[in-house]
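J.: Take this structure, written in structure tokens, and hold onto it; I'll ask about it next.
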């Protein structure tokens, strides 16, 4: 596993929003700009109606960066893919709360193959009574703030309330588990997400890869906005 040192607020970079025709250059630019890690979406076409990225590109990318890679494995049967994804270089694997498999079993499989588990909640999924016990076993919680798979969506208000509920529950138990917000993170929304309790933010097409200035400048602006 590649080492990860997080300083909050932290910014991860969504690989699916990068220029894949110039991925190597984009990787280097992200590394020098201050990105904490890469967020790599793999969608099986069933969990959500699209396909994003794949294992071959992941393997190549893992050999080309010094930063950790978090794979969001948006699949109906993530247990079928964990071994392959870990062997391709995933440092962290985020699995959906909404599948039929017990998350603890998935966490066990992720650790077995040398990665660290992250638990993902869809934008419309509120934390249930098992939230705290599961959060204790994860590197962090990934909370989608739009539906997975499509860029350019609008932040869903209920997702903010879910983050607030998660953070309140964690603080009551004196747990410092990070919460990562993914979806429509930009200069206008990041403050709302931060105040609700998120402290890792996935930068995509609306907040990081906007084409307006350098990535370093975009990250600095996002970090400042998150602290407001």
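Residue numbers (our numbering): 22 to 249. Yeah, the Cβ is synthetic: ideal placement off N, Cα and C, and Gly gets one too.
Comparing alpha-carbon positions, which option in 82, 55, 94, 62 lies nearest residue 42?
T.: Out of 82, 55, 94, 62, 82 has the C-alpha closest to the C-alpha of residue 42.
J.: Among 248, 189, 202, 187, which has the Cα closest to the Cα of residue 176?
T.: Of the listed residues, the one whose Cα sits closest to residue 176 is 202.
J.: If you draw a straight line from the alpha carbon of residue 211 to that of residue 222, how long is it in whole angstroms?
T.: C-alpha separation (whole angstroms): 8 Å.
J.: Taking the alpha carbon of residue 208 as the reference point, which residue from 44, 63, 32, 136 has its own alpha carbon closest?
T.: Measuring from the Cα of residue 208, the nearest candidate turns out to be 32.
J.: Just mark residue 137 as buried or exposed, buried being the case when its beta carbon has 16 or more other beta carbons within 10 Å.
T.: It counts as buried.
J.: Return helix, strand or coil for residue 29, following the three-state DSSP convention.
T.: DSSP places residue 29 in coil when its eight states are reduced to three.
J.: How many whole angstroms separate the CB atoms of residue 62 and residue 93, which I take to be in contact at a CB cut-off of 8 Å?
T.: Indeed, because the Cβ distance is near 5 Å, the residues count as touching under 8 Å.
J.: Hey, out of 118, 132, 233, whose CA is closest to residue 8's CA?
T.: In the structure displayed, the chain extends from 22 to 249; residue 8 sits before or after that span and is not available.
J.: Within the same chain, show all residues whose beta-carbon is closer than 6 Å to that of residue 116, passing over the 5 residues directly before and after it, in chain order.
T.: Correct list, in chain order: 94, 99, 127.
J.: Take residue 155 and list the residues in its own chain whose beta-carbon comes closer than 7 Å to its own, dropping the five residues that flank it on each side.
T.: So the list reads 124, 140, once near-sequence residues are dropped.
J.: Going by the DSSP bridge assignment, what does residue 230 pair with across the sheet?
T.: Per DSSP, none; premise fails for residue 230.
J.: If we ignore side chains and look at the alpha-carbon of each, how far apart do residue 191 and residue 30 end up?
T.: Whole-angstrom Cα-Cα distance: 18 Å.
J.: Can you tell which of 52, 146, 38, 46 has its C-alpha closest to the C-alpha of residue 73?
T.: Selected option, being the one with the closest Cα: 38.
J.: Specify, as a first and last residue, the run of the alpha helix (DSSP H) that residue 189 falls within.
T.: Element bounds for residue 189: 178 to 193.
J.: Quick check on the DSSP output: the alpha helix (DSSP H) that includes residue 54 runs from which residue to which?
T.: 44 to 54 is the span of the alpha helix (DSSP H), which, as asked, contains residue 54.
J.: Expressed to the nearest angstrom, what Euclidean distance is found between the alpha-carbon atoms of residue 47 and residue 34?
T.: Cα to Cα, the separation comes out at about 10 Å.
J.: What three-state label does DSSP hand residue 139 in the structure shown?
T.: Residue 139 falls in the strand class under three-state DSSP.
J.: Under the three-state reduction of DSSP, which class applies to residue 76: helix, strand or coil?
T.: In the structure shown, residue 76 sits in a helix (DSSP, three-state: H, G or I).
J.: Can you check which of these residues, 105, 227, 174, 164, is closest to residue 199 by C-alpha distance?
T.: Minimum Cα distance to residue 199 is reached at 164.
J.: List the DSSP bridge partners of residue 110.
T.: BP columns for residue 110 are empty, so no partner.
J.: Between the alpha carbons of residue 86 and residue 168, how many angstroms are there, rounded?
T.: Roughly 28 Å between the two C-alpha positions.
J.: Taking residue 145 as the reference, give the member of 105, 179, 88 with the closest Cα.
T.: When each option's Cα is compared against that of residue 145, the closest is 179.
J.: Just the Cα atoms here: how many angstroms apart are residue 53 and residue 27?
T.: The straight-line gap from Cα to Cα measures roughly 15 Å.
J.: What do you get for residue 109, buried or exposed, if any count of 16 or more other CB atoms within 10 angstroms of its CB means buried?
T.: Buried: at least 16 other Cβ atoms inside 10 Å.
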